[in-house]
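Residue numbers (our numbering): 340 to 483. C-beta: ideal position from N, C-alpha, C; glycine also. No experiment lies behind these values; they were computed from the predicted model shown. Accompanying notes for the structure given below.
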Ligand code: DQA
């Protein structure tokens, strides 16, 4: 099994950006944690981060035929991107949406997610552990 882990804009600024919301750990720390979760779950993986919507769309398209599932934190594109939703629909791979923060309890505009219209599961407000839940779901639950 091979999972694609996608992270959207500004997640590369973890540790610097709004630490009261996103914590003090860096993006490198997140990648190390994801690596550990994937190893424990026994799955191959690739992690990709981009600040560009088009790059994320292209990466999702390229996953077709090469990956078995997608874990995606679309970051701000969650709330705006029909293009990312359409790319997920186009490739048809099982996908889980992750948000570090509890988007439902923040500003009104964060409550709607285009990606949720496709994702089988959404995990919010659990910090790095949300990625673990998503990976475990795809490896041992959904794709057993
Ligand atoms: C986020 C929540 C989004 O609303 C925000 O734009 C982000 C990060 C999260 O992980 O909590 O950049 O996806």
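Give me, in chain order, the residues of the same chain whose beta-carbon lies closer than 6 Å to that of residue i; leave out the 5 immediate sequence neighbours on both sides.
i, result
"residue 439", "361 and 466"
"residue 358", "none"
"residue 389", "395"
Compare the beta carbon distance of residue i and residue j with 8 Å and say whether it is the shorter of the two.
i, j, result
"residue 406", "residue 343", "yes"
"residue 341", "residue 387", "no"
"residue 426", "residue 349", "no"
"residue 434", "residue 458", "yes"
"residue 380", "residue 475", "yes"
List the DSSP bridge partners of residue i.
i, result
"residue 383", "341"
"residue 388", "346"
"residue 399", "DSSP, once it has assigned bridges, lists no residue as partnering residue 399."
"residue 434", "409"
"residue 465", "In the DSSP output, where bridge partners are listed per residue, residue 465 has none listed."
"residue 460", "435"
Have a look at the options and flag the residue whose alpha-carbon is nearest the alpha-carbon of residue i.
i, options, result
"residue 401", "355, 473 and 431", "431"
"residue 391", "452, 364 and 346", "346"
"residue 410", "352, 382 and 445", "382"
"residue 464", "480, 456, 479 and 445", "445"
"residue 441", "424, 398, 374 and 412", "412"
Any beta carbon from chain C within less than 8 Å of residue i's own beta carbon?
i, result
"residue 385", "Checking the listed chains, one finds no chain C in this structure; it contains a single protein chain."
Within its chain, find whatever has a CB closer than 8 Å to the CB of residue i; leave out the 5 residues flanking it on each side and keep chain order.
i, result
"residue 370", "386"
"residue 378", "none"
"residue 418", "448, 449, 451, 452 and 453"
"residue 398", "343, 345, 387 and 389"
"residue 374", "384 and 386"
If residue i and residue j are in contact, beta carbons under 8 Å, what's the gap, nearest whole angstrom?
i, j, result
"residue 471", "residue 366", "That belief does not hold up - the Cβ atoms of residue 471 and residue 366 are roughly 17 Å apart, past 8 Å."
Excluding the 5 residues flanking residue i on each side, which residues of the same chain have their C-beta closer than 7 Å to its C-beta?
i, result
"residue 482", "Legend: pLDDT at residue 482 = 47, less than 50; position of this residue unreliable, value from coordinates given subsequently. So the list reads 340, 407, 408 and 433, once near-sequence residues are dropped."
"residue 422", "392 and 396"
"residue 455", "436 and 461"
"residue 428", "457"
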